[in-house]
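Here the sequence shown stands for residues 1 to 392, numbered as in UniProt numbering.
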Amino acid sequence: MVKPEINKEAIFWLVVWTANNVGVTLLNKAAFAKVDFHYPYFLSFVHMVCNSIGSQGVFWSIRRDNQRLKAAGISEGQASRKQLGFFQRLLGNITRKELDPKGRQKILAFSVIFSLNIAIGNVSLRHVSVNFNQVMRSLVPALTIGMGLALKKPVSAQRIKAVVPVIIGVAMACFGDMSYTWLGFFYTLLCITLAALKVVASGEMMTGPTKLHPVDLLGHMAPLALVQCLVLSLMTGEVSSIFARVNAAYADVSDVGWFEFYYPAIVVLTSGVFSFSLNICSLQANKVTSPLTLCITANVKQVLMIILSTIIFGVVIEPLNGCGIVVVLAGSAYYSYVSVMEKVTGGGMDSKASKDIESNLNSDSKDEEQVSLVPTKTGSTKTGDASEMRQR
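Take a look at the structure:
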């Protein structure tokens, strides 16, 4: 009997993608809960700076590798895998696409959705637990279907049925936590609405008339989003508060030490770097695995996220909430299965755009952009932080 060959590359990228995904969320949560960095808009600004620099770095690296091959008299088609640069092997020979005025208007509109999605998501993590956030995000497929129906796109009855247990599970998981988390619930609901809108919009940007590569889309959009997040941070007084905090900490640096002084900045910057690497890892994971494998991995990630956040942040889960989490995870897994089967058989929303939308939804590729969540009572600060959080 011949043993099936193990795809070590696929396993490696799935592990890296999962670790990145969990890392971004927990680092964001740690920024709020562990180092008291309660500046969600500025945190989003840091994420966008890292994504902007990272995407520009990718294009610079590809241009440099093309020049190296050209100087050696080797065309891209003739180059062996070893002769290609890292990002060429990973992403192909992508180039920046020039946009017409209409395309730039679309990018601007998308950047607003994108930055608000991340910013509101980070704000919600100040007021709810990671578990609550993860369970509520399971409603993204239902909202995406609703938006599809509003746009008069065909949606199969099987897919609609698949989101019913998710909705029921969310209600069970959140029951008992509403009386004192209405603000967090509002932010989280707004966040998942923006996430669903972002899924639809990003699918249009990558498959519509503009047809941008995901990294090119990020390169066009991130600089705009970072400006928007910085403006929000300035308007809400976060920047002035950060400067005051830095000055106060610097005055006491001889007592606390330099590591304690820089530790919050290290956590925040690491979170930003992880947010960009997550985008790259998700692209590679999509490339070397099947959609079903990635969907299964995404659901495993959800379980890991809830377990880790429960342990690290001391979340207390009631029996009914726990049952709701299980129903949500099972419902999310079934919805992912239905989505993949419809893409394989050509049923339901069968356009290329809908396929890319589902890939974006199921792979949690952008910031942030995940599926799953629960309630918790965590210690609140004077400002009302139920110090909890998630990504981007």
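Quick reminder that beta carbons are idealized off the backbone N, C-alpha and C, glycines included.
All values derive from a computational prediction rather than experimental measurement.
Beta-carbon gap between residue i and residue j smaller than 8 Å
i: Leu226; j: Ser52; result: yes
i: Val24; j: Phe274; result: yes
i: Phe37; j: Pro264; result: yes
i: Ile62; j: Gly85; result: yes
i: Ile113; j: Ala201; result: yes
i: Ser309; j: Lys29; result: yes
i: Gly331; j: Gly169; result: yes
Buried/exposed call for residue i, threshold 16 Cβ in 10 Å
i: Ala150; result: exposed
i: Ala251; result: exposed
i: Ser233; result: buried
i: Lys301; result: buried
i: Asn247; result: exposed
i: Val199; result: buried
i: Asp100; result: exposed
i: Val340; result: buried
i: Phe259; result: exposed
i: Pro209; result: exposed
i: Ile306; result: buried
Helix, strand or coil at residue i according to DSSP, with G and I counted as helix
i: Ser75; result: coil
i: Tyr337; result: helix
i: Ile311; result: helix
i: Phe37; result: coil
i: Ile94; result: coil
i: Ile266; result: helix
i: Leu84; result: coil
i: Ser156; result: coil
i: Pro319; result: helix
Chain-order list of residues whose beta-carbon lies under 7 Å from that of residue i (same chain, five-residue window excluded)
i: Tyr187; result: Ile120, Val123, Ser124, His127
i: Gly219; result: Ser55, Gln56, Phe59, Arg96
i: residue 413; result: As shown, the chain starts at 1 and ends at 392. That puts residue 413 outside it, with no answer to give.
i: Cys281; result: Trp13, Val16, Trp17, Asn20
i: Leu143; result: Ile192, Thr193, Ala196
i: Ser351; result: Residue confidence for Ser351 is low, a pLDDT of 43 falling below 50, so the modelled location carries little weight; the figure read from the coordinates is stated next. Within the same chain, Ser351 has no close Cβ partners at all.
Anticipated Cβ contact below 8 Å, residue i with residue j, distance rounded
i: Gln228; j: Ser55; result: Not a contact, Cβ separation roughly 17 Å.
i: Val326; j: Val166; result: Contact doesn't hold; Cβ gap of about 12 Å is too wide.
i: Asn110; j: Met205; result: Asn is not the amino acid found at residue 110; the sequence shown has Phe there. Right, the Cβ-Cβ distance comes to about 6 Å (below 8 Å), so this counts as a contact.
i: Glu342; j: Arg159; result: 7 Å
i: Ile145; j: Val163; result: 6 Å
i: Tyr39; j: Ile242; result: 6 Å
i: Val22; j: Gly272; result: Val22 to Gly272, Cβ: 16 Å. No contact.
i: Ile94; j: Val215; result: 6 Å
Neighbourhood of residue i by C-beta distance below 6 Å, restricted to the same chain and skipping five residues each side
i: Leu90; result: Gln284
i: Leu183; result: His127
i: Gly348; result: Any answer about Gly348 is weak, because its pLDDT of 48 lies below 50 and its placement is not dependable; what the coordinates show is given next. Within the same chain, Gly348 has close Cβ partners Ser156, Arg159, Glu342.
i: Ser44; result: Ile118, Ala119, Asn122, Cys229
i: Val253; result: Phe261
Close-in-space but distant-in-sequence residues of the same chain around residue i (CB under 8 Å, 5 per side omitted)
i: Ala171; result: Gly324
i: Ser75; result: Leu69
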